[in-house]
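See below for the structure under consideration.
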Amino acid sequence: MKPVVEIEGLTKMYKNNRGIQDVTMTVRQGDIYGFFGPNGAGKTTVMKIMAGLSRAQRGTVKLLGYDVAEQYEQAMSKVGVLIETAEVYSYMSGRKNLELAAKFYPHVTSGRIDEVLEIVGLTPFQHEKAAGYSLGMKQRLGLAAALLSGPELMILDEPTNGLDIEGMVQMRDIMMRLAREQRITFLISSHLIHEMELMCNRIGIIHQGRLLCEASVPYLLEQWESLEAVYMHHIQEDRKVTLHA
Ligand SMILES: Nc1ncnc2c1ncn2[C@@H]1O[C@H](COP(=O)(O)OP(=O)(O)OP(=O)(O)O)[C@@H](O)[C@H]1O
C-alpha cells in the first residue's frame with residue numbers, strides 16, 4: 001500500500017522543554033491509523049504541524065506525496081482536518097455552517113452539502129440552530145465540514161473526546177463506514193486505548209513527545225491480550241531507558 005502520510009524526524013520543542021522529538025511515522029492508503037497517547041503526549045502538536053497550523057523545528061511531513069511546508073496547497077488539496085473541537089457558529093443552523101465552510105471550496109455544490117449531512121446523520125436537524133446541538137452533533141457537523149471537499153485523507157484530533165457512549169459509537173460507525181465504502185484513509189488521535197482497539201488497523205503510540213511503537217493492530221493482538229498491555233509494556237521499557245540514560 002502506498003504511503004499517504006510520511007513523517008520523518010519531526011521535532012518541535014517549546015520553551016518549557018516539552019513538545020515532540022524525532023517523530024517518524026507512516027500511514028498507508030486505506031488505514032484507520034490510531035495515534036494513541038495520554039494527555040500531553042504530543043498528538044496535537046504533530047497534527048497541527050501536519051495541517052500547516054504550526055511549524056516544526058526539524059523534520060518533514062508529506063501528505064499524499066507533497067511536502068506540507070513546501071507544497072502546502074497540493075499537500076492539503078485532498079485532506080480533511082478536524083483539530084480540537086469543531087468550530088461551529090452556534091447562532092447559525094447546521095446547514096448554514098456548512099454553506100459557510102463550503103465557500104472555501106469553489107467546486108462544492110449544495111448537493112454535496114446534502115450528501116455530507118446524510119453521511120453524518122444530521123439531515124433531519126440541518127435547519128436547527130447549532131446552539132441546540134449536543135456535543136456529539138457538533139462534532140459530527142465538524143466532520144461533515146471536513147468531508148465537504150471529498151478528501152482522500154482525514155486527520156482527526158480526538159474526534160470522540162468528551163462524547164457520551166452513544167456519541168462515540170455514532171462517530172466511530174461513521175468513520176468506519178467512510179473507510180470501508182469510500183476508501184478514505186484516517187489518522188485519528190485519541191487517549192482512549194479501547195476506542196483505538198475497536199476501530200484501528202494500525203497504531204502509533206506516542207509518550208512524552210516520542211513515538212514508542214508503530215505496528216499493525218492484529219499483529220500486536222496476536223502477541224498481547226490487549227493494546228492496553230502493549231502500551232504499558234512500552235512505557236515501562238521507556239522508563240527503564242530514561243532511567244539508565
Ligand atoms: N504552545 C505551547 N507552549 C508550551 N507548551 C506547549 C504548547 N503546546 C503544547 N505544549 C506542551 O507540549 C506537550 C504536548 O502537547 P500536545 O497538546 O501536543 O499533547 P496532546 O497529546 O495533544 O495532549 P492532549 O490530549 O492533552 O491535547 C504538552 O506537555 C504540552 O503541555
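Start counting the sequence shown at 1; every next residue gets the next number (full-length UniProt numbering). Glycine residues also receive a C-beta, built at the ideal position from the N, C-alpha and C atoms.
Between residue i and residue j, how many whole angstroms is the CB-CB distance? I'm expecting something under 8 Å.
| i | j | result |
| --- | --- | --- |
| Phe-186 | Leu-220 | Not confirmed; about 18 Å, so no contact. |
| Ile-193 | Tyr-133 | That belief does not hold up - the Cβ atoms of Ile-193 and Tyr-133 are roughly 28 Å apart, past 8 Å. |
| Gly-150 | Phe-35 | Actually they do not touch by this definition, with Cβ atoms about 23 Å apart. |
| Ala-51 | Ile-83 | 6 Å |
| Ser-226 | Met-47 | That pair is no contact at about 25 Å. |
| Met-139 | Leu-163 | According to the sequence as given, residue 139 is Gln; it is not Met. Contact flag correct, Cβ pair sits at about 7 Å. |
| Met-171 | Ile-32 | Going by Cβ atoms, the distance from Met-171 to Ile-32 rounds to 13 Å, so no, they are not a contact pair. |
| Pro-159 | Leu-143 | 7 Å |
Among the candidates the options, whose CA atom is the shortest distance from the CA of residue i?
| i | options | result |
| --- | --- | --- |
| Asn-97 | Ser-77, Ala-69, Leu-141, Lys-78 | Leu-141 |
| Val-108 | Ala-131, Ala-145, Tyr-91, Ile-7 | Ala-145 |
| Gln-29 | Leu-153, Glu-181, Ile-203, Lys-240 | Leu-153 |
| Leu-117 | Phe-104, Gly-94, Leu-100, Tyr-105 | Gly-94 |
| Asp-22 | Gln-223, Val-81, Arg-210, Ala-215 | Arg-210 |
| Asp-238 | Leu-212, Trp-224, Glu-225, Gln-126 | Leu-212 |
| Asn-17 | Ala-41, Glu-8, Met-196 | Ala-41 |
| Leu-63 | Thr-44, Glu-222, Glu-8, Gln-223 | Glu-8 |
| Val-169 | Ile-113, Gly-37, Met-137 | Met-137 |
| His-191 | Gly-37, Glu-228, Lys-15, Met-1 | Gly-37 |
| Met-1 | Gly-111, Arg-183, Pro-106 | Arg-183 |
| Glu-181 | Asp-114, Ile-119, Gly-111, Ile-113 | Ile-119 |
| Glu-214 | Gln-208, His-234, Glu-195, Glu-222 | His-234 |
| Ser-77 | Gly-59, Tyr-105, Val-61 | Tyr-105 |
| Met-196 | Glu-228, Glu-222, Ile-165, Gln-208 | Glu-228 |
Identify, in the order they occur along the chain, each residue of the same chain with its Cβ nearer than 8 Å to the Cβ of residue i, setting aside the five sequence neighbours on each side.
| i | result |
| --- | --- |
| Gln-57 | Thr-11, Lys-12, Met-13 |
| Lys-240 | none |
| Arg-55 | Lys-12, Ile-49, Ala-69 |
| Tyr-89 | Lys-96, Asn-97, Leu-100, Ala-130 |
| Ile-206 | Ile-20, Val-23, Phe-35, Phe-36, Gly-37, Ala-41, Gly-42, Lys-43, Val-46, Leu-212 |
| Leu-198 | Arg-172 |
| Asp-114 | Thr-123 |
| Leu-53 | Ile-83 |
| Trp-224 | Val-230, His-233 |
State the start and end residues of the unbroken beta strand (DSSP E) segment that holds residue i.
| i | result |
| --- | --- |
| Gln-21 | 19–28 |
| Gly-80 | 79–82 |
| Gly-209 | No beta strand (DSSP E) holds Gly-209; DSSP gives it neither H nor E. |
| Leu-141 | Run containing Leu-141: none in the beta strand (DSSP E); it sits in the alpha helix (DSSP H), 135–147. |
| Leu-187 | 185–190 |
| Leu-153 | 153–157 |
| Leu-63 | 58–63 |
| Tyr-72 | Element bounds for Tyr-72: not the beta strand (DSSP E) but the alpha helix (DSSP H), 72–76. |
| Tyr-33 | 32–36 |
Need the endpoints of the alpha helix (DSSP H) that residue i sits in, please.
| i | result |
| --- | --- |
| residue 246 | Outside the shown range of the chain, which is 1 to 245, sits residue 246, and nothing can be said about it. |
| Glu-128 | Segment: none, Glu-128 is in no alpha helix (DSSP H) and carries neither H nor E. |
| Glu-181 | 165–182 |
| Met-47 | 43–50 |
| Leu-117 | 110–119 |
| Met-1 | Here Met-1 belongs to no alpha helix (DSSP H), and DSSP marks it neither H nor E. |
| Pro-106 | Taken as a continuous stretch (DSSP letters only), Pro-106 belongs to no alpha helix (DSSP H), as it is neither H nor E. |
| Pro-218 | 217–223 |
| Leu-198 | 193–199 |
Just to confirm my understanding: we take residue i, look at its own chain, exclude 5 residues before and 5 after, and list those with CB closer than 6 Å. What are they?
| i | result |
| --- | --- |
| Gly-80 | Ala-146, Leu-147, Pro-151, Met-154 |
| residue 253 | Outside the shown range of the chain, which is 1 to 245, sits residue 253, and nothing can be said about it. |
| Glu-87 | none |
| Val-217 | Cys-200, Asn-201, Ile-203 |
| Gly-167 | Gly-136 |
Using C-beta distances below 7 Å, list every residue in its chain close to residue i, excluding the 5 sequence neighbours before and after it, in chain order.
| i | result |
| --- | --- |
| Thr-26 | Pro-3, Val-5, Glu-6 |
| Tyr-66 | Gln-74, Ala-75 |
| Glu-128 | Ser-93, Gly-94 |
| Tyr-72 | Gly-52 |
| Asn-161 | none |
Please tell me whether residue i has its Cβ less than 8 Å away from any Cβ of chain B.
| i | result |
| --- | --- |
| Val-108 | Here chain B cannot be found, since the structure has a single protein chain. |
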